[in-house]
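Protein chains in written order, with the numbering used here: chain A, 1 to 270; chain B, 271 to 538.
Beta carbons: idealized from backbone N, C-alpha and C, even for Gly.
If you're wondering where the values come from, they're calculated on a predicted model, not measured in any experiment.
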Amino acid sequence: MSNQYKGLKDIFIDTVNKNNYVELESATYNYSLLESSLVKPLKMILLFGKPGTGKSMLLNKLYHNLKEHYEIHYFDAPILSEKAFLRNIYESMSGQVIPENMRVNFDGLLKYCQKLKEKREVVFLLDECQLYSEPLMEKIRLLSDTRVVKFVITLHKTDDEDIIAKEHFKTRIWEVIEMQNATEYDLELYIQKKMIQKGFIEISNKIKKKHIKYIHNVTKGNFRETNKYLYTIFDIYEYYEKNEPQKVSGKRFSKKILEMAAIRLGYINA
Amino acid sequence: MRKINELEKKWYYYRLKKFLVSAVGFSTTILLILLAYYFYIIQKNSSLEPKTIYQKNVLGVSKIAIANQRLNDLNKSIIVAKKLPIEKLEEVSLEPIIPVIDMAKEESIKYVKKSQVKRSNSVNEHHSKLVKAKANSYLTAKELSQITKVETVPTAQPHVTKKMKFQTTSENYLETMQKKFLKSKNARDAILISKAFYKKSNYSEAEQWALSANKLDKNLDESWLLFAKSKAKLGKKQEAINILASYYKKSHSAKARVLIGQIKTGKI
Chain A
1 MSNQYKGLKD IFIDTVNKNN YVELESATYN YSLLESSLVK PLKMILLFGK PGTGKSMLLN
61 KLYHNLKEHY EIHYFDAPIL SEKAFLRNIY ESMSGQVIPE NMRVNFDGLL KYCQKLKEKR
121 EVVFLLDECQ LYSEPLMEKI RLLSDTRVVK FVITLHKTDD EDIIAKEHFK TRIWEVIEMQ
181 NATEYDLELY IQKKMIQKGF IEISNKIKKK HIKYIHNVTK GNFRETNKYL YTIFDIYEYY
241 EKNEPQKVSG KRFSKKILEM AAIRLGYINA
Chain B
271 MRKINELEKK WYYYRLKKFL VSAVGFSTTI LLILLAYYFY IIQKNSSLEP KTIYQKNVLG
331 VSKIAIANQR LNDLNKSIIV AKKLPIEKLE EVSLEPIIPV IDMAKEESIK YVKKSQVKRS
391 NSVNEHHSKL VKAKANSYLT AKELSQITKV ETVPTAQPHV TKKMKFQTTS ENYLETMQKK
451 FLKSKNARDA ILISKAFYKK SNYSEAEQWA LSANKLDKNL DESWLLFAKS KAKLGKKQEA
511 INILASYYKK SHSAKARVLI GQIKTGKI
């Protein structure tokens, strides 16, 4: 029985994996918007939202769905060194491997792109772009101006800094897709689908609307927080199942464990 | 394992804290509701009274005490009241426009006329008619005997002087009634006094007496109406309407409703 909860908590480990992607109404809408934007002659597409709203997951899904149809490359982790970034761009486009003792010259890369104009269109998916430096962002902008390279970038939306207002984005981004936190309904679907996909139907049925409401209330509909919270809940469940099974033998989902997990994660003060 | 146990302890503490907060919140709410209800009841019961108390406090003197004082001052000049029992006044004085003593006067005038006529007749006939008249008069047997005694004296002048003492104005009526009120503390008497003052256009006195009547009997329709009418006459129309409205809410008095209409249309 304890294995059941171990397996269950593992499905909420936060990973960016297309197999863990859960179809939700809001995500489906954003995905179709993103897909249609790629067809348009846009230089840059900005996907932004608060952390944990599913940007990386969406980018990942886009990559896996379109890699057969487009010349598409996905940088899931930010490459902070300019040298390494240019090398990766060139290697992705040319298919060649640059020796370690050599570097890619930016002017050379720009000329290489210009030569490919109207011959090829390469899409780069860049995650966590708020970590890139200003000069590197400027180079990304110049590359996109060649119209050979198209960038889909994700950015964290922060309260104190409106990144879209920055000059290099203001003039070039033609499509902005904003990701929102999940609604209570979305969150319910997310949890249920995730559990049912992995065969935890019985436990999934125990989770009622009031529990979803509580979860939504403490996580504010943030998917990353929800994953973390559910992982903690089932971690406690696993412990009780192993050591004090009478405490989790009821037919109802334990409100006590919900609150204990919230205390452990600091959502509520004890 | 130790971690989960500690977490569980924290959870128990959290639940206890939450319960205490809820209990305190609930108790406070209940207490507030009860207090609100208590004040509502108090306010409902007091109706006009709080205003009276306020007026009393401002003036520092009870209105009844004032009336008492005035009566004491006037006491020396009252001649008639001793002759007529107050109980008799109460019987007839339903409408203060017709002062009771005026009726007595009327009776006495009739009596004088009759006696003048009778004087020309035989003494026996005169006596027998006087006896008949006694049944319709407001005088007691004792008084009648006194009057008869006076009438038997052949000189008419002293008798007429006595009648003049009966001659009263509404002032006399008020004095008598006020004195009566001091003894009886009857709300109806206060109403009659208030009405008399109202007729005399002394609206502030009328208001005070209506208030006194209301204090004695809150269910007395006329106390409310007179109080409001006097207020309206004193130019406090809105206040009068408010008082009537609050009374109408409680009693559904048709008179109060009509009076509100009259005040609003300026008929009063």
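Three-way DSSP call (helix, strand, coil) for residue i in this model
i         : result
Thr15(A)  : coil
Lys50(A)  : coil
Ile72(A)  : strand
Ile177(A) : strand
Met195(A) : helix
Met102(A) : coil
Ile45(A)  : strand
Tyr90(A)  : helix
Tyr29(A)  : helix
Gly230(B) : Since the displayed chain B opens at 271 and closes at 538, residue 230(B) lies outside it and no answer follows.
Phe253(A) : coil
Val248(A) : helix
Trp281(B) : helix
Ser133(A) : coil
Gln96(A)  : coil
Ile300(B) : helix
Ile236(A) : helix
Lys242(A) : helix
is_contact[residue i, chain A] using C-beta, thresh 8 Å
i         : result
Leu290(B) : no
Val294(B) : no
Tyr307(B) : no
Glu278(B) : yes
Trp281(B) : yes
Tyr259(B) : Beyond the ends of chain B as shown, which are 271 and 538, falls residue 259(B); an answer cannot be given.
Tyr324(B) : Because Tyr324(B) sits at a pLDDT of 45, beneath the cut-off of 50, its placement in the model cannot be relied upon, and the point is left open.
Tyr310(B) : no
Asn327(B) : Unreliable placement is indicated for Asn327(B), whose pLDDT of 43 sits below 50; the coordinate value is still reported in the next sentence. No - not a single Cβ of chain A is within 8 Å of the one on Asn327(B).
Ile274(B) : yes
Proximity test, Cβ basis, 8 Å: residue i and chain B
i         : result
Ala270(A) : yes
Glu100(A) : no
Ile236(A) : yes
Tyr239(A) : yes
Distance cut-off 7 Å: residue i Cβ against heavy atoms of the ligand SAM
i         : result
Leu529(B) : No copy of the ligand SAM appears in this structure; indeed no ligand is present at all.
Element boundaries [beta strand (DSSP E), containing residue i]
i         : result
Leu155(A) : Val149 to His156
Phe124(A) : Val122 to Leu126
Extent of the continuous alpha helix (DSSP H) run through residue i
i         : result
His211(A) : Lys209 to Thr219
Asn222(A) : Looking at the DSSP string, Asn222(A) is not in any alpha helix (DSSP H), and its letter there is neither H nor E.
Tyr21(A)  : Taken as a continuous stretch (DSSP letters only), Tyr21(A) belongs to no alpha helix (DSSP H), as it is neither H nor E.
Tyr267(A) : That residue, Tyr267(A), is in no alpha helix (DSSP H); it is neither H nor E in DSSP.
Phe467(B) : Ala457 to Lys469
Ser521(B) : Lys507 to Ser521
Gly531(B) : Ala524 to Thr535
Gln478(B) : Tyr473 to Leu486
Pro78(A)  : Premise fails: Pro78(A) is in no alpha helix (DSSP H) and is neither H nor E.
Ile201(A) : Ile201 to Lys206
Tyr63(A)  : Lys55 to Leu66
Glu492(B) : Asp491 to Lys503
Expected contact under 8 Å - CB spacing of residue i and residue j to nearest Å
i         : j         : result
Gln180(A) : Thr53(A)  : 6 Å
Tyr21(A)  : Met57(A)  : 6 Å
Leu529(B) : Ala498(B) : 6 Å
Ser464(B) : Ala480(B) : 4 Å
Ala261(A) : Phe223(A) : No, Ala261(A) and Phe223(A) are not in contact; Cβ-Cβ is about 17 Å, not under 8 Å.
Ile263(A) : Trp281(B) : 6 Å
Pro51(A)  : His216(A) : Not confirmed; about 17 Å, so no contact.
Asp127(A) : Leu59(A)  : 6 Å
Interface flag, residue i vs chain C, CB-CB below 8 Å
i         : result
Asn243(A) : This model lacks chain C altogether, as its protein chains are A and B.
Closer than 7 Å between beta carbons: that is the criterion. Which residues of the stretch 242-265 of chain A meet it against chain B? Asn243, Lys256, Glu259, Met260, Ile263 and Arg264
Subject >> Near-chain B residues of the stretch 217-236 of chain A (beta-carbon distance less than 8 Å), N- to C-terminal order >> reply: Ile236
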